[in-house]
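With the first letter of the sequence shown counted as 1, position 22 gets the number 21 in numbering that gives the first Met the number 0; the numbers rise by one all the way through.
By construction, the Cβ of each residue, glycine as well, lies at the ideal position given by its N, Cα and C atoms.
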Amino acid sequence: MSTQDAAKILVIEDESPIRKFIRLSLESHGYDVSEVSTAAAGIGHAMAEPPDAVILDLGLPDQDGLEVISRIREWSRVPIIVVSARGREADKVVALDSGADDYLTKPFSVGELLARLRVALRHSASIATSTADSVFRVGELSVDLCRREVTIGDESIHLTPTEYRLLLVLVSHAGKVVTHRQLLKEVWGPDSVYENQYLRVYMGQLRRKIEHDAARPRYLKTEAGVGYRLMDE
Ligand code: CA
Numbered sequence: 000m001s002t003q004d005a006a007k008i009l010v011i012e013d014e015s016p017i018r019k020f021i022r023l024s025l026e027s028h029g030y031d032v033s034e035v036s037t038a039a040a041g042i043g044h045a046m047a048e049p050p051d052a053v054i055l056d057l058g059l060p061d062q063d064g065l066e067v068i069s070r071i072r073e074w075s076r077v078p079i080i081v082v083s084a085r086g087r088e089a090d091k092v093v094a095l096d097s098g099a100d101d102y103l104t105k106p107f108s109v110g111e112l113l114a115r116l117r118v119a120l121r122h123s124a125s126i127a128t129s130t131a132d133s134v135f136r137v138g139e140l141s142v143d144l145c146r147r148e149v150t151i152g153d154e155s156i157h158l159t160p161t162e163y164r165l166l167l168v169l170v171s172h173a174g175k176v177v178t179h180r181q182l183l184k185e186v187w188g189p190d191s192v193y194e195n196q197y198l199r200v201y202m203g204q205l206r207r208k209i210e211h212d213a214a215r216p217r218y219l220k221t222e223a224g225v226g227y228r229l230m231d232e
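Right, dumping it as structure tokens:
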């Protein structure tokens with residue numbers, strides 16, 4: 000990848016060892032990285048030189064990372080991956096519902112960082128060019144969005160309309176975490192965002208139909224306290 004084609008990543012993180020770790024990891028994989036340590040500098044940098052993705056720490060010295068998300072979302076759909084401390088599920092949920100695309104929990108590995116970034120950049124590229132495939136495939140699972148057909152290997156799977164809608168929302172965010180609230184809103188409507196039991200029941204049904212072992216899912220992963228993620232690789 001030449002320097003000109005390299006995806007530009009803006010890292011907003013006040014802890015310098017973590018900032019350095021992210022920068023070195025990404026640079027060694029061909030990304031063009033800019034780093035800042037405050038919310039104000041991050042917002043300014045994102046405006047002056049629009050990045051292809053933002054990696055954002057939620058705990059910043061001058062303003063809350065959530066403020067950075069809402070400011071950037073006023074003018075940009077750039078993917079934002081938040082970085083937060085373990086055990087702060089509530090923070091992650093608020094960040095995702097405010098417009099962040101995904102999150103990394105500290106401490107995270109280079110592999111996790113690169114995987115999240117790949118998914119985020121792939122999503123923004125497919126939105127930009129509208130060339131999203133009409134058939135989603137991962138492992139043995141295939142979802143034909145035109146024919147509304149779901150198969151596992153050669154076997155056709157019958158889903159109820161609600162199960163299919165739930166799977167469809169997850170497919171449209173494949174690889175990314177989707178919060179309970181987002182799923183409830185998109186599948187059951189804005190009046191149902193607190194009906195977590197709907198989600199548990201339907202997710203259970205969906206897993207029994209598409210997973211080999213519903214207790215150890217390959218495709219539909221639980222993100223504890225946050226939501227669900229349909230794996231895309
Ligand atoms: Ca911090």
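Let me check one thing: in DSSP terms, what residues is residue i bridge-paired to?
i	result
L140	V137 and I151
E222	G226
D63	G58
L103	V82
A52	I8
V177	Y227
I68	I68 is not bridged to any residue.
D96	Bridge partners of D96: none, in fact.
I156	V149
V32	I8
Please report the Cβ distance between residue i and residue j, rounded to the nearest whole angstrom; I am assuming they are in contact, meaning their Cβ atoms lie under 8 Å.
i	j	result
V77	V92	About 21 Å; that fails the 8 Å criterion.
P60	D96	At roughly 24 Å, the Cβ-Cβ gap does not stay under 8 Å, so P60 and D96 are not in contact.
L205	E162	5 Å
Q62	A45	With a Cβ gap of about 14 Å, Q62 and A45 do not count as contacting.
Quick one: Cα of residue i to Cα of residue j, how far?
i	j	result
A94	H157	35 Å
V225	W187	18 Å
T150	A173	17 Å
G43	V142	41 Å
E154	I17	46 Å
E210	T37	44 Å
E232	V137	6 Å
H239	K208	What is shown of the chain runs 0 to 232, which leaves residue 239 out entirely.
D56	A5	23 Å
L182	L25	31 Å
L65	M230	26 Å
R146	P160	14 Å
E103	R87	The residue you asked about is not Glu; residue 103 is Leu in the sequence shown. Roughly 11 Å separates the two Cα atoms.
V82	G152	37 Å
S15	D190	43 Å
L219	L144	18 Å
A47	I11	15 Å
Quiz item: So does the segment 178-198 actually touch the segment 209-220, counting three or more Cβ pairs closer than 8 Å?
Solution: Contact between the segment 178-198 and the segment 209-220 is absent, because fewer than three Cβ pairs lie under 8 Å.
Quiz item: Using 8 Å as the Cβ pair cut-off and three pairs as the minimum, do the segment 100-119 and the segment 158-171 touch?
Solution: Touching, no.
Practice problem: Measuring from each Cβ to the nearest heavy atom of ligand 1, keep the ones under 5 Å and list them in chain order. | Solution: A residue is listed when its beta-carbon falls short of 5 Å from at least one non-hydrogen atom of ligand 1; in chain order these are D13, D56 and G58.
Quiz item: Pairing CB atoms from the segment 66-74 with CB atoms from the segment 28-35, are three or more of them under 8 Å?
Solution: No, because fewer than three Cβ pairs between the segment 66-74 and the segment 28-35 fall closer than 8 Å, the two stretches do not touch.
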